[in-house]
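The structure under discussion appears below in the form of C-alpha cells.
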Amino acid sequence: MSHACCSHGAAHGSATATDPVCGMAVDPAKTPHHFTHDDHAYHFCGARCRERFIADPRAFLGPKTPEVPAPAGTVYTCPMHPEVRQEGPGACPLCGMALEPAMPSLDDDDGESRSAARRLGVLVALTLPVFAVAMVPHLSGHAWASPWDTLAGWGDAVLASIVVLWGGAPFFVRGWRSLRPWSPNMYTLIALGTGVAWLYSLVAFIWPSVFPATMRDPHGRVDVYFESAAVIVTLVTLGDALESRARRRTGAALRGLLGLVPKTARRIDGDGEHDVPLGDLRVGDRVRVRPGEQVPVDGTVVEGESHVDESMLTGEPMPVARRVNDRLTGGTQNRHGALTMRVDHVGGETVLSRIVAMVADAQRSRAPLQRVADRVAAWFVPAVVAIAILAFVAWWALGPEPRLAHALVAAVSVLIIACPCALGLATPMSIMVASGRGAQAGVLFRDAAAIERLREVDTLVFDKTGTLTEGRPTLVEVRLFGCARAEALALAAAVERSSEHPLAEAIVGAAAEEGVSIPVVSGFEASVGRGVGGRVEGHDVVLGNARRMADDRVDVGGAHDFADVARTKGATVVYLAVDGRLAAAFALADALKSSTRPALRALREAGVRLVMLTGDSEATAKAVAASLPIDDVHAGASPQDKARLVRALKAGGARVAMAGDGINDAPALAAADVGIGMGNGSDIAIESASVTLLKGDLAGIVRARALSEATVRNIRQNLFFAFAYNAVGVPLAAGALYPLWGVTLSPMVAALAMSLSSVSVVGNALRLRAASA
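Residue numbers (full-length UniProt numbering): 1 to 773.
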C-alpha cells in the first residue's frame, strides 16, 4: 500500500522524496528509515533524522500539522478556587479568572495567552487614536471646533465603543455571571466602572442638553470619558495577559519534569531494535537505553552496567551505579554504559507521573493562611461598591463644579483600582511555585498545609533503619585468623551466594566490589537463625553466629574482643570456620548515610529537638546515637509504641514531625503534625506522610524546612502587599488627597495600578523558584 508523503507530495516507491528533518533527497524504495504520522508516510536519510522526527513531528512539519488540543475529558480548575473543577476550559464562576488544566501537559499550547496577546494588539491599535483625540486639546491648548460634528469626535466615540463593547465583552460576561451565584469579583468592579464611564460618555456626547448648564461649556459641550473607558479595558487586558503569562511560569517546574521523559523508546523485539512512541510500550517489554539517553519508563536492569544520573529525583548530583536487577526510574539519564531494561510501569503508574500528580494536587490545595484572605474577600466587592457610592455622593454634594463629572470620576476610579485578584492570588501562587521548586529538589509536599506547618516543627522524631542508616547491612570490618582477606571473602561469599539473608547479600556484595573470584559451593545447607555451610574447593566451610560455631565445636575465643567492640558500635558479628578452625570474623553493620550527621547538626542548630524512635535493641540504638547529636533515644518500640510517643509529645505542646520509611512507621507518621516519608521506603509509609523525601535522607528535611520558611515568608509578603495596595489605593481613588493638594486620581491611572497589582503578586511568588531547597 502506498501512502502520500505530505512533505514532498510523492508516493512510497516514487523516485525521490525529501527528508523532513534535514531536507536531503532520499529514495523511498532504498532507504530503510520510514515513519507514518497522521496517515502520511515520511522517509529519512538516516536513523538519527527519523529519531528526531518521531520525538517531535510538529517541529519539522510546522503549520501543516494542527495544534494538539487538550485531550477530551481534561479537567480544568481555577488557580484561586481549586474546588472549581470542570471538563474543558472556561471561566471560574466565583472569580472570573480563566481556568487552567489541573494537570500540566507538554502539549499545553498556551492558547489563552496567545488569544489575549492578539486581542491586546487589536485593542492597542484602536485605543491609541482615542487617546490621541482626547489629549490633543490638552497638549495644544485648543479644543476641537465642534467635537460631535467632526470626524475626530465621532471617530473617538466609535473606536472607544468598539474597544469597550468588543474588547471588554469578556469582562462584562464574567461580571454578569458573578451576580448569578452572588460571588462578586474583580470583573464585577471592572464591568461596573467601564460600563458607567462609557454609558455616561455616550449620553453626554449624543444628548448633552440633558445635563445641567453648569456641566456644559460655552459651546454646549459636556466632557466625555471615552478615552478613560477604552484605556481601562486595554490596560486590564494587558494585566490579564501578563498575569496569565506569569501564572504559566509557575507550572514550569512540573512541565520541566515531564520534559525529562523522551518521546520515544528503543524497544527490542523479535525483529531487532526499533524506536517506538512511548505510548506503545507495555509492561514486560525490553528496552535498550544507550549512553547519554534518558530512561523512558520505570523498569529493572536485565543486562549491562552503567552509572545513572538521578538528580532529577533526588537532587543528588553524583551518578549512582546500576547493575542487573537494579531499578531504573523514567526520566533519569544513563551516563556511560548501555543498559537493557524490562518495563515495569508505564503511563500514570511511573514514579515521575505519580510525582507530577502529587505536586499538582499540592499546588491546588489551600493553605491555612488563605483563610484570612478568604474572609476578607467575602466582603471585599460589596465594601468597594459601597465606598464608590459614598465617594460619588460626597463629590456630588461637596465637590467643585462640575460636581457630577467629579463624582463620576471618583466612583469609577474606586471601582477600577480595587483588586480582589491580588488578595486571592497571594497564597495560591506561592504554594504553586514552592511545590514545583520542592519537586525539583526531591521534596514532595502532599498539600499546602504541610508546607506551612513544617516551619513550625520544634521536635523531629525519626526511625533508625532506612532513615539514619542505609537500610541494608554492609561489611565494615574483618578480623583474620591465619587466612588471607581475599581467601576469607571468597569462601564466605561461596556459601552465602545461595542464601537470601540480608547479611549474605552484604558479604557477596563486598566480595564483588573487591574483585574476588567466588568459587562454586556443593552440599549447601542452611541452619535457620544460625548460619550456612557447604563444601568449597575441597574444604568444609561454615559461616554463622556464635551458636552455629558452638554446634560445630569451633573455638571462637580469639575473636571475643573483636566481637565485643563491634557490638558496641551496633554491628553484627559472624564467624568463618574452615575445616573446623576459626578463619575470620566479619563485622556487618547498617552504615549511617553520609548526609545523616550534617543534617542532624543543622536541625539541632535550628532549635529542633531530635528523638530517635526505633524497634531495634537498646544496645544497637544507643551505639548508633552515641556519635550523633540526638537528644533522646527510645528503642524496642512497636508501631503502637511509636504512635503513642508521638501523641504524647504533641500532648505536651510540641509540634512534632515524624520521619520513617517502613510499614511499622505508618501509624506514627499519621499521628504526627507533619509525617515525613522516605522515598526509598514502603508505599504505605509514603501514603501516610504529608511530605515525601525522594532521596530518602534527613538532608531533605533541612531543604524542606528551608523551603517552608521561604514560602510562608513569601505568602505574608504577598498578603501584606495586597492589603496595603487596597488600603492605600481605594482612598486615593476616592479623592483623599484633594482637600490637601487638589489632586484626584485618573481612572486610567487606577486601571494601570490595578493591572500591575496582581502581576506584582505573581512576580513575587516566582522568586521562590530561586529559593534554596
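Every residue gets a Cβ at the ideal spot worked out from N, C-alpha and C, and that includes glycine. Computed from a prediction, not measured in an experiment: that's the story for all the values here.
Check	Outcome
What is the DSSP secondary structure of residue 661, reduced to helix, strand or coil?	coil
When you compare only the Cα positions, how much space is there between residue 371 and residue 410?	31 Å
Return the CA-CA distance between residue 628 and residue 619, expressed in angstroms with no decimal places.	15 Å
Count the other CB atoms within 10 Å of the CB of residue 274; is the residue buried (16 or more) or exposed (fewer)?	exposed
For a test of the three-state rule: what should DSSP assign to residue 68, helix, strand or coil?	For residue 68, the predicted structure reports a pLDDT of 38, less than 50, and the residue's modelled location is therefore unreliable. A value from the coordinates is still provided. Reduced to three states, the DSSP call for residue 68 is coil.
For the beta strand (DSSP E) containing residue 206, list its first residue and its last residue.	Not the beta strand (DSSP E): residue 206 falls in the alpha helix (DSSP H), residues 186-206.
Just to confirm my understanding: we take residue 676, look at its own chain, exclude 5 residues before and 5 after, and list those with CB closer than 7 Å. What are they?	657, 658, 659, 689, 691, 693, 701
How is the beta strand (DSSP E) around residue 37 delimited, first residue to last?	34-37
Of the choices 279, 302, 460, whose alpha-carbon is the least far from that of residue 289?	302
So the alpha helix (DSSP H) residue 730 belongs to, where does it begin and stop?	699-734
Ignoring anything shorter than 3 residues, give me the beta strand (DSSP E) runs that lie fully in the segment 369-436, in order along the chain.	none
Whether or not the segment 718-725 and the segment 410-426 are in contact is what I'm after, with contact meaning three or more pairs of Cβ atoms, one per stretch, closer than 8 Å; do they touch?	yes
Looking only at its own chain, which residues have a Cβ that is under 8 Å from the Cβ of residue 35, when we skip the five neighbours before and after it?	41, 42, 44, 50, 53, 54
If you run the structure through DSSP and keep just helix, strand and coil, what is residue 482?	coil
Touching or not, the segment 277-284 and the segment 339-354, by the rule of three or more beta carbon pairs under 8 Å?	yes
Can you give the Cα-Cα distance for residue 267 and residue 442, rounded to whole angstroms?	29 Å
State the beta-bridge partners of residue 634 as determined by DSSP.	613
Just to confirm before moving on: does the CB-CB distance between residue 609 and residue 631 stay below 7 Å?	yes
For residue 495, count the other beta carbons within 10 Å of its own beta carbon; 16 or more makes it buried, fewer makes it exposed. Which is it?	buried
Hey, quick one: how far does the alpha helix (DSSP H) through residue 465 stretch, first residue to last?	Where residue 465 is concerned, there is no enclosing alpha helix (DSSP H), given that its DSSP letter is neither H nor E.
On a Cα-Cα basis, can you pick out the residue from 417, 391, 440, 188 that is closest to residue 727?	417
Under the DSSP definition of a beta bridge, which residues are partnered with residue 86?	76
Is the beta carbon of residue 335 less than 7 Å from the beta carbon of residue 309?	yes
Once DSSP output is grouped into helix, strand and coil, what is the label at residue 518?	coil
Tell me which residue opens and which closes the alpha helix (DSSP H) that residue 618 is part of.	618-625
Is the beta carbon of residue 530 sitting closer than 7 Å to the one on residue 553?	no
State the DSSP-derived secondary structure class of residue 767, mapped to helix, strand or coil.	helix
Closer than 6 Å by C-beta to residue 380: which residues in its own chain qualify, once you throw out the five before and the five after it? Chain order, please.	420
If you draw a straight line from the alpha carbon of residue 327 to that of residue 340, how long is it in whole angstroms?	12 Å
Skipping 5 residues on each side, what residues in its chain have a beta carbon closer than 8 Å to that of residue 478?	485, 488, 489, 584, 585, 586, 587
Considering just the uninterrupted stretch of the alpha helix (DSSP H) at residue 644, what are its terminal residues?	639-651
Which of helix, strand or coil does DSSP assign to residue 172?	helix
Please look up how many angstroms separate the CB atoms of residue 520 and residue 526, rounded, as I've assumed it's under 8 Å.	No, residue 520 and residue 526 are not in contact; Cβ-Cβ is about 17 Å, not under 8 Å.
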